[in-house]
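Structure first, commentary second.
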Amino acid sequence: MITTSTRDASRRILVIDDNRSIHDDFRKILAPADIAGDDLDAVEAALFGTTRQVQTFVVDAASQGEEGLQMVKQAMAEGQPYAMAFVDVRMPPGWDGIETTRQIWQVCPDMQIVICTAYADCSWNEVREQIMPGDRMLILKKPFDIIEVLQLAISLTEKSRLLQESKRHMLELEQRVRQRTHELQISQQMAFEKASLLDLSRDAIMVCGLDNRVTYWNKSAELLYGWTAAEAVGHLRTELKEVNSDLFQQACEKVLQTGEWDGELQQVTKDGRKLVVEARWTLLRDTTGQPRSILVINTDITERKKVEGQLLRAQRMESLGTLAGGIAHDLNNALTPIMMSIELLKLHEQDPVRMGVLATIENSARRGAEMVRQVLSFSRGVEGQRVEVQAGHLLKGVEKIASETFDKNIRVSTQIPADLWVVQGDPTQIHQMLLNLCVNARDAMPSGGFINIRASNLQLDAQCASMIAGAKPGPFLLVEIEDTGTGMPPEVVDRIFEPFFTTKEQGRGTGLGLSSALAIIKSHQGFIRVSSEPDKGSKFQVYLPAQMEMTAAAGQQPADQPVMTRGHGELVLLIDDEDAVRKITGQTLESFGYRVLPAADGVEASTLYAEYKDQISVVLTDMMMPVMDGPATIQVLMRMNPQVRIIAASGLSVKDMVAKATSAGVKHFIPKPYTAETLLQKLNSVLCSQVTAAF
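Quick note on numbering: UniProt numbering labels position 372 of the sequence shown as 372, and the sequence is numbered without any gaps.
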């Protein structure tokens with residue numbers, strides 16, 4: 001092995017040849033000891049256009065392929081690899097040049113190889129068949145020229161240098177890429193963690209560019225709106241069904257001007273469901289302070305708004321109930337003298353024509369009183385007594401009201417058999433329920449149509465009952481109310497009995513009619529079935545438990561002949577602030593054998609009672625009066641005489657009156673408007689027994 005001094009790893013050359021004189025030839029050409037490399041630098045300058053430098057190659061030599069391979073390995077271990085090698089093609093007795101090259105490339109794949117041969121039978125095709133030379137091998141024919149050797153040495157060592165430099169740059173670039181990739185991974189991980197935190201939020205969070213295109217869309221936004229992030233990102237927010245475009249535009253302008261905006265927006269989901277969101281917008285800026293995007297946080301308040309609306313409607317209904325109670329009290333006070341006057345007039349009237357007029361007035365007054373009771377029942381939730389009810393009479397009454405009050409383009413017909421079974425229930429509530437169903441049918445026919453009311457007896461067996469939710473076997477009264485209106489899709493049918501649910505325009509319905517009807521049906525242990533299709537009308541079937549045999553009380557109309565009991569000079573203290581009620585009640589009592597002390601309020605009554613308490617047999621007092629109301633008056637009178645007999649009267653609901661009177665210690669009650677017959681019977685009952693109550 002021949003080794004020269006090491007100057008530059010990129011110019012190290014290995015010569016492998018079994019002829020040592022060849023080693024010397026290469027050394028003389030590539031690393032002459034007596035010159036400074038002028039010829040070499042001249043050749044390099046001519047080839048590459050560089051400035052001439054005094055520079056020679058470092059040449060090492062080996063006689064066999066095995067020895068050359070060891071030198072390549074050692075040079076690589078020392079970090080001074082050879083740039084190229086001149087390898088003789090035949091080097092007996094060891095490896096030939098082809099095998100040596102193959103072995104070297106396994107250790108150092110980038111080494112440039114020049115195969116030197118003096119044999120004509122060693123061709124490029126032969127080399128290619130034994131080894132894939134690629135661009136790392138050249139063939140040099142012996143004998144070779146000095147310039148040819150120099151050109152190969154300069155070119156291939158420069159190529160090796162550039163290749164190694166390129167690899168170093170690639171390694172540096174790869175290192176930079178790995179570092180940047182690592183930084184991006186950390187950044188992405190942080191962004192993922194932040195996004196995960198945003199996904200945990202129950203609010204719909206999105207980020208939009210200044211052009212209102214979505215750039216971020218969290219999981220809650222997906223759940224709320226139905227659009228996936230992939231569907232939403234890149235789209236304009238207005239494409240995602242903002243309802244109020246004017247308000248949306250105002251919000252955009254406000255957030256750009258002030259940096260923030262908050263308010264309520266009406267929106268629509270992907271499937272068309274309407275939403276109300278509480279929106280909070282914040283303008284995001286870049287590091288230079290320029291607007292970059294808008295952060296949007298939307299909270300779904302649809303249910304809250306719905307509950308608030310229901311609360312407001314409930315408050316309005318409560319206010320309406322209070323107002324209705326006051327109106328009912330005044331109406332009852334107005335109806336009382338009318339109804340009592342009619343009875344007094346009928347006692348002294350013989351003319352049939354005038355009697356007919358009085359009967360008409362009396363029926364109208366009774367109907368008005370019944371309407372007042374229905375108003376009180378609806379507004380206060382009053383429960384009447386459960387009695388045997390002949391539904392036929394109620395249905396005819398409902399038909400009459402509907403025919404008289406509904407638009408003339410709505411025709412009402414009935415099919416009511418005479419042998420209907422009776423039900424045990426509250427007539428007022430059942431009447432209200434049936435009327436509600438008819439009103440619902442009317443509202444479904446804005447252009448007119450037909451309402452058909454049918455009733456029948458039905459024996460429901462166990463098999464049929466098992467197929468109907470809430471049904472039990474037994475006898476039922478079936479009432480069917482069918483209309484030819486607009487009908488309803490299944491999703492609406494599923495919700496019609498929800499309180500406050502309505503398909504009418506805002507302000508045109510409370511959403512309580514059907515829900516209150518259902519409550520009444522359930523309170524009577526009944527159930528209801530609904531069938532409807534769009535444009536094909538609706539049919540409501542009400543099932544009420546029934547008694548299979550009619551009773552005389554339920555099947556017959558009450559007798560018209562009143563029973564008028566007379567007094568025997570008993571003194572009645574009559575207390576009422578309504579002058580008309582006070583006068584006609586006094587006249588009625590005096591006409592039937594009673595004496596009367598009238599008082600306009602509790603103060604006057606207290607004075608009169610203190611003077612005449614030993615003569616007064618009974619006190620009839622209104623519960624609602626100015627100055628001193630009924631309960632206060634009762635307490636004063638009972639302090640004067642704990643045994644005083646008092647009848648409390650009120651135009652409010654029986655339940656309210658009973659509660660107030662009972663708390664004051666009264667046992668006898670009479671609701672307004674009362675008739676002469678009712679009043680006289682009540683007085684007779686109280687005077688005959690001090691312990692018998694009216695109810």
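Glycine residues also receive a C-beta, built at the ideal position from the N, C-alpha and C atoms.
Would you list the one or two residues that DSSP bridges to A661?
-> The partner list for A661 (beta bridge, DSSP) is empty, contrary to what the question assumes.
Three-way DSSP call (helix, strand, coil) for S413 in this model = strand
H658: which of P631, P642, P673 and I115 sits nearest, CA to CA?
-> Residue identity differs from the one stated: residue 658 is Val in this sequence, not His. Looking at the Cα atoms, P631 is the closest of the given residues.
For G268 versus W261, is the C-beta distance shorter than 7 Å?
-> Checking the sequence, you will find Val at residue 268 rather than Gly. No, the pair does not count as a contact, with Cβ atoms beyond the cut-off.
Could you work out which residue in L620, Y543, M548 and A229 is closest to I581 when comparing CA atoms only?
-> According to the sequence shown, residue 581 is Val rather than Ile. Nearest option by C-alpha distance: L620.
Contacts around Q547, its chain only, beta-carbon distance under 8 Å, and the 5 residues preceding and following it disregarded = E388, W421, V422, V423, Q424 and P475
For N440, is the classification buried or exposed, using 16 other Cβ atoms within 10 angstroms of its Cβ as the cut-off for buried?
-> buried
Going by the CB atoms, is the gap between I139 and I98 shorter than 7 Å?
-> no
Between the C-alpha atoms of F527 and S245, what's the straight-line distance to the nearest angstrom?
-> 46 Å
Near T678, what residues of its chain come up, given a Cβ to Cβ distance below 7 Å and the 5 sequence neighbours on each side ignored?
-> I670
Could you give the distance in angstroms between the alpha-carbon of K667 and the alpha-carbon of R495?
-> 46 Å
Cβ shell of A62 (< 6 Å), same chain only, five flanking positions each side left out = M1, I16, G68 and M71
Nearest residue (CA-CA) to S160, options L574, L518, P81 and S413 | P81
From the DSSP output, in three-state form, read off Q70 for me.
-> helix
Measure the alpha-carbon distance for D24 versus L173 and round it to whole angstroms.
-> 42 Å
Looking at the structure shown, is F501 part of a helix, part of a strand, or coil, going by DSSP?
-> coil
Under a three-way DSSP split, which group does L394 fall into?
-> helix
Could you give the distance in angstroms between the alpha-carbon of M111 and the alpha-carbon of M84?
-> 5 Å
At what residue ranges does the region 286 to 363 contain a whole run of the alpha helix (DSSP H), taking only runs of 4 or more?
-> 302 to 347
Pick from A471, T215, L152 and F450 that is closest to D483, judged by C-alpha positions | F450
Would you mind stating whether R280 and I294 have Cβ atoms separated by less than 7 Å?
-> no
Coarse secondary structure for Y612, derived from DSSP in three states = helix
With distances taken Cα to Cα, identify the nearest neighbour of P291 among Y674, E343, T157 and Q257.
-> Q257
Burial state of L518, where buried means 16 or more other Cβ atoms lie within 10 Å | buried
Through-space distance from T100 to V89, alpha-carbon basis | 9 Å
N-terminal and C-terminal residue of the beta strand (DSSP E) that C116 is part of | Q112 to T117
In whole angstroms, what is the alpha-carbon distance linking L345 and E590?
-> 14 Å
Span separating the alpha-carbon of D535 from that of A444 = 10 Å
Indicate whether the contact test is met: 3 or more Cβ pairs, each with one atom in the region 390 to 405 and one in the region 352 to 362, closer than 8 Å.
-> no
Assigned secondary structure, V107 (DSSP; H/G/I helix, E/B strand, else coil) | helix
Would G79 be called buried (16 or more neighbouring beta carbons within 10 Å of its own) or exposed?
-> exposed
Supposed close pair V603, M628 - CB separation, criterion 8 Å = 5 Å
Just curious, the beta strand (DSSP E) that F248 is in, first and last residue?
-> From DSSP, F248 is part of no beta strand (DSSP E) but of the alpha helix (DSSP H) over S245 to T258.
Would you kindly check if the distance between the Cβ of F497 and the Cβ of S515 is under 7 Å?
-> yes
Burial state of N19, where buried means 16 or more other Cβ atoms lie within 10 Å | exposed
Contiguous beta strand (DSSP E) assignments of at least 3 residues, all confined to the region 418 to 488 = 422 to 425, 449 to 460 and 474 to 483
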